[in-house]
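Following: one structure in structure tokens, then a few remarks.
In our numbering, the protein residues as written are -17 to 140.
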């Protein structure tokens, strides 16, 4: 695991949101409700999709601890938000960016390695800003050749 350390610029998003737990993981439901309506968002920047996770403070990664997931796209302004969608602004922050290749069968183990191996042995600790995956042109849902970027919020250890 050799992430790139990057600063993510303040970015506006429009999308759909749903709260759930790892034990009751409902990301498919969220994305299934978002994708048919994607073209309703008129002021998009780029073609990437963002799978954003907002964890509560002191998130413990336990199966029944709720968090909020977003299916979203970056936008230039918050004008004309489609009915049933919401806006989110992620402030500038420091991230460890990991490239993940493969289908979804190994993604949980990949995240586990980030949090239990890479993070404890790095000069960083988990930051309080949202984590997200960037689903770009190389992303192919549940395909072994799929590629995505995983952005983990970090801050220097004290």
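Cβ coordinates follow ideal geometry from the N, Cα and C atoms, glycine included.
Model, not experiment: these values are computed from the prediction.
Between the region 108 to 115 and the region 56 to 63 there are fewer than three C-beta pairs closer than 8 Å, too few to call the two in contact.
In this structure, 105 is the residue among 73, 117, 105, 131 with its C-alpha nearest to the C-alpha of residue 138. Contact between residue 36 and residue 49 holds: CB atoms are separated by about 6 Å, below the 8 Å threshold. Going by C-alpha positions, residue 103 is about 33 Å away from residue 10. Just measuring C-alpha positions, the residue of 47, 39, 42, 54 sitting nearest residue 28 is 54.
Burial state of residue 32 is buried, judged by a 10 Å Cβ sphere holding 16 or more other Cβ atoms. Leaving aside the five residues that flank residue 47 on each side, the residues in its chain whose CB is nearer than 7 Å to its CB run, in chain order, 3, 41. Residue burial annotation: residue 135 is buried, with at least 16 other C-beta atoms found within 10 angstroms of its C-beta.
When DSSP reads this structure, residue 106 sits in a beta bridge with 138. DSSP places residue 12 in the uninterrupted alpha helix (DSSP H) bounded by 9 to 16. Judged by their CB atoms, residue 23 and residue 64 are nearer to each other than the 8 Å cut-off. Residue 77 counts as buried, since no fewer than 16 other beta carbons sit within 10 angstroms of its beta carbon.
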